[in-house]
Amino acid sequence: SQQGEEDPQALSIQEGENATMNCSYKTSINNLQWYRQNSGRGLVHLILIRSNEREKHSGRLRVTLDTSKKSSSLLITASRAADTASYFCATDSTDSWGKLQFGAGTQVVVTP
Amino acid sequence: EAQVTQNPRYLITVTGKKLTVTCSQNMNHEYMSWYRQDPGLGLRQIYYSMNVEVTDKGDVPEGYKVSRKEKRNFPLILESPSPNQTSLYFCASINSGTGVPDTQYFGPGTRLTVL
Chain H
25 SQQGEEDPQA LSIQEGENAT MNCSYKTSIN NLQWYRQNSG RGLVHLILIR
75 SNEREKHSGR LRVTLDTSKK SSSLLITASR AADTASYFCA TDSTDSWGKL
125 QFGAGTQVVV TP
Chain E
84 EAQVTQNPRY LITVTGKKLT VTCSQNMNHE YMSWYRQDPG LGLRQIYYSM
134 NVEVTDKGDV PEGYKVSRKE KRNFPLILES PSPNQTSLYF CASINSGTGV
184 PDTQYFGPGT RLTVL
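What follows is the structure in C-alpha cells.
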C-alpha cells in the first residue's frame, strides 16, 4: 500500500506563479524526501526533511513537515516552464529503515 | 562524481528469456535496493540489501532475484520474464554507516518491455 499520498494529482499554473503540493502519510518516519521526475525519466532528489525538522528551504523550494498531522507540503516559488514534471514525496518509516514509500505523485504543468 | 549506474537503459525482450539488469554505485554505500515504477502506483520496492551477502524481499519480490557479492554491485535478475514485469526499474543506494537514514541516490532507470 502507498504510504505517501500527494494532493493534488495534477496542477496547472502559469510561469511566475507559486505551486503548492501536499503529501500525507500513515506511519512514523525517520525522514521525508521530495523527488522530481521529468516524463518517465530518472528521479532527481530535491530535498530531505528529517522528522525533527519543521521547515527546510533550498533555492525556490520550501518544504514543511507536520508530524502531528503526518503531512508535508512542497512549495515551488516563481515557477518556470522547466519546473514542469511529476513530483513525488517518499517517506522512510521508522519500522522499515531505508525503504522509501512513494505516493503516486503530483503532475505539475507550468505554461509560459 | 557520486553516482548510481544501471545497464541497460532500455530493453525489449520476450517472455521467458532470462535477463539481468546491472546496478553499480561508487559511494561505498552499504544499503542498495531495487524499485519498479508503474503508472498510478508510484515506486514500489522489489528487493533490498543491507550489505554484502545480505538481501531481503521488498513489497513486490515475486518473479525477481538479486545477489550482492560485492558492495558496489546489486544486479536484478528476471529468470523467466513475463509481460506484467514490463515497467521502469530503478536501482538506489543509501549511506547507512551513520545509522541515520539519509538521501537515497537513484540510478537513471531501466525501461523494460516484455513481449
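Heads up: the protein sequence lines correspond to chains H and E, in order. Heads up, this note's numbering is the position in the first sequence plus 24, with the first residue counted as 1. Heads up, this note's numbering is the position in the second sequence plus 83, with the first residue counted as 1. Think of the CB as a built atom: it goes at the ideal place given N, C-alpha and C, for glycine as much as any other residue.
Taking all protein chains shown into account, H:T135 has fewer than 16 neighbouring C-beta atoms within 10 Å of its C-beta and is therefore exposed. In the DSSP assignment, H:E79 is bridged to H:T88.
Cβ atoms of H:T44 and H:L99 come within 8 Å of each other, at about 5 Å.
Counting C-beta pairs closer than 8 Å gives three or more between the stretch 158-176 of chain E and the stretch 95-112 of chain E, which meets the contact rule. Sequence-ordered contacts of the stretch 158-172 of chain E with chain H read L171 [C-beta pairs closer than 9 Å]. Bounds of the beta strand (DSSP E) holding H:W58 are 53-61. Chain-order list of chain H residues neighbouring E:S107: empty, with the shortest C-beta distance near 15 Å, by a criterion of under 7 Å. Taking C-alpha positions only, H:L70 is separated from H:H81 by approximately 10 Å.
Around the beta-carbon of H:T130, 16 or more other beta-carbon atoms lie within 10 Å, marking it buried.
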